[in-house]
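Reviewing the structure listed below.
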Amino acid sequence: MSTHLHHLISLAELDATTIGRLLDRAERMREASLHGTRRLDLLAGRTVLNLFFEPSTRTRTSFELAARRLGAIVVNFDLARSSTNKGETLLDTLHTLEAMHLDAIVVRHRETGTPAFMVRHAMSGVSIINAGDGNHAHPTQGLLDALTIRQHHPDFTKLRVAICGDIRHSRVARSDIHALCTMGVRELRLCGPASLLPETSEVPGCQVLEDFDAAIEGVDAVIMLRLQKERMAATLLPDEASYFQQYGLTPERLARAAPGCLVMHPGPINRGIEIDPAVADGAQSRILEQVGNGVFVRMAVLAEALGR
Ligand code: NCD
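As structure tokens, then:
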């Protein structure tokens with residue numbers, strides 16, 4: 002069974018066929034874009050609004066590029082100058098924007114559940130695409146990470162993957178877990194200090210470990226995460242030097258993984274805290290490939306949600 006997307010809130014709702022179809026479509030977008038940035042006209046006349054209530058470099062820019070490369074008109078909501086600062090509620094903002102006949106709203110918000118709330122309250126047929134809500138979900142990041150892995154290892158069922166760092170506060174980790182488990186990855190290990198790990202009941206099918214040296218042993222891909230201080234009580238915050246000692250990805254640690262292990266990170270990276278610059282910039286780093294794939298995955302998602 003496969004589901005047609007109109008909204009994209011989390012990967013939990015998508016089966017392997019649907020995820021596979023989106024990844025295939027992203028590959029086709031990549032091929033179509035390879036020779037320059039030729040504009041396709043799939044979304045000509047459509048309007049996409051970027052509504053980001055939290056900072057973003059990669060996600061916002063790549064959604065904008067994706068929509069423009071498909072011929073859509075893109076509006077970037079300027080939060081700092083909006084009436085949100087005059088006390089307008091999210092619901093009134095949503096209905097005001099809808100009255101301008103948008104086709105899609107790409108939303109990022111610090112509160113878990115905001116995109117789903119917008120789906121429930123939208124009055125027009127606008128598509129809501131989640132670009133990250135609280136620690137809940139970042140579905141296009143989950144897709145682009147799966148795509149990056151698949152480009153190197155086509156068969157997920159043979160793979161061992163480790164996700165390391167601040168998993169508790171990470172929407173990227175949650176979406177990666179959904180993507181990788183749905184695609185049937187052989188082993189998924191989650192690693193970090195106890196205070197930054199999820200409840201084991203929250204992550205069925207994953208191994209949860211505190212020892213990074215054990216977690217990285219033999220893996221084919223390692224996904225590193227930033228300490229998300231903005232979502233953390235000050236008491237949870239580890240000392241950065243000792244954190245790097247225990248959980249930093251150094252060349253020595255990477256040598257424990259399988260040969261050619263993919264080094265991944267959703268960005269922004271904090272050099273010397275969760276990753277050694279020699280690894281971030283090293284031959285096994287796929288971090289910039291992830292960024293490039295972000296555009297193609299977002300093209301695929303927008304085309305699927307808005308394509309006629
Ligand atoms: C992440 C996010 O905002 O969830 N970044 C991203 O979108 N690539 C991860 C983070 O902020 O650490």
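Sequential numbering of the sequence shown, starting at 2, is according to my numbering.
We treat Cβ as the ideally placed atom computed from N, Cα and C, and that holds for glycine.
Helix or strand or just coil, what does DSSP make of residue i?
i           : result
residue 48  : strand
residue 218 : coil
residue 176 : helix
residue 1   : Shown here, the chain extends from 2 to 309; a query on residue 1 therefore has no answer.
residue 163 : strand
residue 318 : The structure shown does not extend to residue 318, since the chain is modelled only from 2 to 309, so the question has no answer here.
residue 124 : coil
residue 119 : helix
residue 138 : strand
residue 208 : strand
residue 225 : strand
residue 78  : coil
residue 15  : coil
residue 265 : strand
residue 148 : helix
residue 35  : coil
Do you know offhand how far residue i's Cα is from residue j's?
i           : j           : result
residue 42  : residue 16  : 28 angstroms
residue 152 : residue 30  : 14 angstroms
residue 257 : residue 268 : 23 angstroms
residue 303 : residue 243 : 42 angstroms
residue 77  : residue 98  : 12 angstroms
residue 211 : residue 140 : 26 angstroms
residue 168 : residue 307 : 32 angstroms
residue 6   : residue 130 : 10 angstroms
residue 297 : residue 65  : 12 angstroms
residue 229 : residue 184 : 27 angstroms
residue 22  : residue 4   : 10 angstroms
residue 157 : residue 219 : 15 angstroms
residue 136 : residue 112 : 8 angstroms
Of all the options the options, which has the alpha carbon lying nearest to the alpha carbon of residue i?
i           : options            : result
residue 1   : 92, 126, 54, 27    : In this structure the chain extends from 2 to 309, so residue 1 is not present and cannot be described.
residue 142 : 123, 175, 119, 120 : 175
residue 107 : 272, 96, 60, 273   : 60
residue 234 : 196, 247, 206, 219 : 196
residue 148 : 222, 87, 82, 250   : 222
Indicate whether residue i and residue j have their beta-carbon atoms separated by less than 9 angstroms.
i           : j           : result
residue 227 : residue 288 : no
residue 12  : residue 179 : yes
residue 79  : residue 110 : no
residue 91  : residue 119 : yes
residue 189 : residue 164 : yes
residue 198 : residue 209 : yes
residue 26  : residue 70  : no
residue 205 : residue 248 : no
For residue i, list the residues DSSP reports as bridge partners.
i           : result
residue 131 : 108
residue 53  : 109
Could you tell me whether any non-hydrogen atom of the ligand GTP is closer than 8 angstroms to the CB of residue i?
i         : result
residue 7 : Of the ligands one can find in the structure shown, namely the ligand NCD, none is the ligand GTP.
At a Cβ threshold of 9 angstroms, is residue i touching chain B?
i           : result
residue 121 : Checking the listed chains, one finds no chain B in this structure; it contains a single protein chain.
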